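Colleague:
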Amino acid sequence: MKIDKLWSKLTALFLIILVACFILYLYSGQNSNILNESNIKTGLQNNCLAYDQDQKIMIVGTYNNMLKTFDKQDNLLWELEAKGPFCQMVVNEQKRIVYAGNEDNNIYIVNLDTGELINTINVQRRVYGIDVTEDGSEMLISAGVSTNKHNILIYSYDGEQVKNLQYKTRIQGVSYTAGDENIIFINNRGEIIKINKNGDELAKLATKYELVSLSKAANKEIYAALCGDGSYVVFDDNLQLLRQGKINTMIQVTSSVIGIDTDGNNVAVGTEEGYLYILNNKDQQVFTQRLSKSITGIMSTGDSMYITGLGDFIMRISTGSLNNISLLVTCKKVSMVVGIAALIFSLISFLMAIPKANRCICRFGKTLVKYRTAYILLFPTFLLLLFFNYIPVGTAVGGAFTNWSKDFNTWSELKFVGLENFKLMISEGYFIIGVSNLILMTICGLIKVLTVPLLVAWLVYSLKSPKAKYGFRFLFVLPMVVPGVVSTLMWQQIYNPTIGMLNQVLKTVGLENLQHVWLGDPKTAIWAIIFMGFPFINALAFLVYYAGFINIDASLYEAAKVDGATRGKIFFQVQLPMISGEIFMMVILTFIGVVQDYTSIYILTGGGPGTSTYVPGLELYFNATKFGRYGYACALGLVMFIVIMSGTLLNMRVKSKRD
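Quick note on numbering: UniProt numbering labels position 70 of the sequence shown as 70, and the sequence is numbered without any gaps.
1) How big is the Cα-Cα spacing for W78 and D158?
2) Taking just the CA atoms, how far does F476 sit from A525?
3) Quick one: what's got a C-beta closer than 7 Å to D236's C-beta in the same chain, skipping five residues either side?
4) The alpha helix (DSSP H) that contains A20, what's its start and end?
5) If you draw a straight line from the C-alpha of I121 to the C-alpha of G29, how long is it?
6) Would DSSP call V639 helix, strand or coil?
7) Classify E37 as buried or exposed, calling it buried when 16 or more other Cβ atoms lie within 10 Å of its own Cβ.
8) Does the beta-carbon distance from G429 to C634 come in below 7 Å?
9) Which class does K83 belong to by DSSP, given the choice of helix, strand or coil?
10) When we look at the beta-carbon of G309 and count the other beta-carbons within 10 Å, is it buried (16 or more) or exposed?
11) So what does DSSP say about M1, is it helix, strand or coil?
12) Looking at the unbroken beta strand (DSSP E) that takes in G245, where does it start and where does it end?
13) Taking the beta carbon of I171 as the centre, do at least 16 other beta carbons fall within 10 Å, making it buried, or is it exposed?
14) Nearest-angstrom Cα distance between G631 and I278?
15) Excluding sequence positions up to five away, which residues of its chain have a Cβ less than 6 Å from the Cβ of M1?
16) I think F627 touches T442, with their Cβ atoms under 8 Å apart; what is that distance to the nearest whole Å?
17) For the beta strand (DSSP E) that contains L35, what are its first and last residues?
18) Are T169 and N187 closer than 7 Å when you measure CB to CB?
19) Would you call I40 buried or exposed, if buried means 16 or more other Cβ atoms sit within 10 Å of its Cβ?
20) With a CB to CB cut of under 7 Å and the five nearest residues on each side skipped, what residues in its chain are close to E103?
21) Go to S580, then tell me how far its beta strand (DSSP E) extends in each direction, as first and last residue.
22) H150 bridges to which residues according to DSSP?
23) Rounded C-beta distance between K197 and K163? I'm assuming under 8 Å.
24) Determine the burial state of G320: buried for a count of at least 16 other Cβ atoms within 10 Å of its Cβ, exposed for fewer.
25) Can at least three beta-carbon pairs, one atom from the region 294–303 and one from the region 15–30, be found at a separation below 8 Å?
26) Please look up how many angstroms separate the CB atoms of I154 and L140, rounded, as I've assumed it's under 8 Å.
27) Count the other CB atoms within 10 Å of the CB of Y470; is the residue buried (16 or more) or exposed (fewer)?
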């Protein structure tokens with residue numbers, strides 16, 4: 001086999017580019033994962049964090065009423081128990097004291113080195129946020145008893161109340177300004193307000209949504225405030241807006257907490273769903289990661305940002321690595337696009353290097369040019385089929401072998417799990433129960449479509465009057481205009497145990513002992529669904545069979561009558577064999593329809609009572625919409641596709657042999 005040297009060189013070049021892109025993709029992917037888990041374990045649900053930069057002590061406030069501290073070797077130093085979850089903590093390194101706000105209405109003042117409880121201040125309200133002056137002599141507290149009754153409280157170190165400022169909005173966060181002269185707070189009206197210690201308003205900055213979290217940069221007088229919709233604002237001591245942005249997400253999330261690094265450049269946003277978003281100083285989203293639990297605390301210190309939430313985890317991000325993350329993410333995307341293009345071009349150049357394939361490609365290219373108008377008109381159709389048919393099918397096939405779910409739905413979280421989803425079908429048991437119910441419904445469905453519609457079509461065809469034929473055709477086809485959901489709801493009323501027609505008829509004829517909760521009894525529920533549609537005159541099947549009868553050559557009837565055939569023999573030996581194609585088509589369509597359909601079961605019983613009417617289609621629907629197990633749903637869909645395809649091919653094979 002001759003190989004064209006030019007095309008072979010191009011093939012080698014594209015392969016080199018492909019390998020380089022693959023290596024770059026792996027490198028950028030590994031280095032763009034900047035989130036590392038700390039070795040600190042509390043054994044509880046964490047809620048907030050604080051850090052002593054001097055002695056490298058980590059303070060963890062938990063949702064389970066415990067305050068724990070760890071040294072730089074991640075060893076437990078001491079712990080303190082309260083009566084409620086810890087919500088916010090502030091460390092004063094000069095006095096070696098940690099101030100811990102708790103939802104039990106208390107502020108705990110604790111010696112940072114020994115864990116000795118120095119003082120407890122009861123503010124008689126739920127604590128939402130705290131801050132402390134640089135010398136530790138004064139505490140600023142946001143607390144409230146209801147949404148429209150909040151207070152900003154100022155206490156001395158000894159626990160004496162200095163000021164009580166009352167507000168009719170929920171104060172979500174408070175902070176001292178530079179020099180501890182004034183106060184900045186946020187509320188649920190979307191307002192950022194600066195006041196002096198007497199409560200006089202000095203400045204105001206308004207946002208469009210409820211504010212839920214406030215954070216201050218350690219090294220600069222820069223603040224970040226988070227809105228409930230995921231938008232945020234960054235501002236200075238004078239409430240001058242420095243920049244603003246919003247997290248970029250394709251799903252609905254509830255923003256819970258914000259953090260800003262020590263220099264006021266990078267912003268971290270956490271959500272109740274466990275998503276973490278990092279945005280740089282240009283408000284570009286450079287990092288997204290789904291954590292295991294809801295994020296409740298983000299703290300910045302030195303060159304690190306620490307993240308925790310309602311779980312036993314503390315994650316660390318180096319702020320230095322955030323400077324390169326944008327470049328790494330861009331490299332990852334570019335390498336993927338260029339790699340795909342290199343793969344395509346390498347395949348094309350490889351084929352062009354083979355003379356025989358080269359000639360075929362050239363002929364195909366000439367054909368495209370010759371009939372370019374037709375192909376241009378068909379191109380949008382092919383494109384739509386690709387995006388709305390083939391790509392979703394390919395995604396479903398690939399998803400069947402992954403852990404894709406509502407908890408793991410980003411590319412970084414997806415993992416190949418092999419046949420685990422298929423094993424789960426057997427181990428859980430619902431799929432097996434659904435298959436047994438489906439077999440019964442398939443057998444009954446085939447019996448219904450092969451009997452009554454066929455008989456009715458034959459009777460209408462046998463009528464002598466053309467007007468009568470037209471009238472009956474119209475009447476039998478008319479129910480097709482009624483939506484299937486409406487028909488199902490009608491049968492739901494028929495089966496109603498109190499006012500349903502079926503029980504009322506039984507009562508009228510004196511058979512009250514036969515009255516039943518038809519859809520509520522596991523013994524009768526599936527038979528009630530099978531009986532739905534009585535007298536089973538399927539309009540489509542009727543039309544198909546009727547069309548088959550009218551296409552039979554009349555000379556066959558005359559020959560059969562000459563041979564002395566009766567009407568019964570003509571039906572079984574002439575007409576049925578002649579419409580076997582229509583019969584096999586209805587068998588295939590009915591088989592596909594029964595396997596795929598779950599609408600009537602979902603409306604009537606929801607798969608119950610128990611699992612008496614459960615079918616694989618309903619299992620697929622519940623996992624895809626209710627349970628959020630998308631990979632498992634894809635596996636179910638793949639199995640159903642294989643079953644349908646196998647049944648269809650088998651039926652077609654039998655039909656071809658008969659023909």
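For each residue, glycine too, the CB sits at the ideal point set by N, CA and C.
Because the structure is a prediction, the values reported are computed rather than measured.
Modeller: For this structure:
1) 23 Å
2) 28 Å
3) E221, I222, L242
4) 5–31
5) 49 Å
6) helix
7) exposed
8) no
9) coil
10) buried
11) Residue confidence for M1 is low, a pLDDT of 46 falling below 50, so the modelled location carries little weight and cannot support an answer.
12) 241–246
13) buried
14) 28 Å
15) Reliability of the predicted coordinates at M1 is poor, the pLDDT of 46 falling under 50, and the value obtained from them is presented with this limitation in mind. Excluding sequence neighbours, M1 sits near nothing in its chain.
16) That pair is no contact at about 26 Å.
17) 35–37
18) yes
19) buried
20) G84, P85, C87, R126, V127
21) Here S580 belongs to no beta strand (DSSP E); instead the alpha helix (DSSP H) covers 580–596.
22) G144, Y167
23) 6 Å
24) exposed
25) no
26) 6 Å
27) exposed
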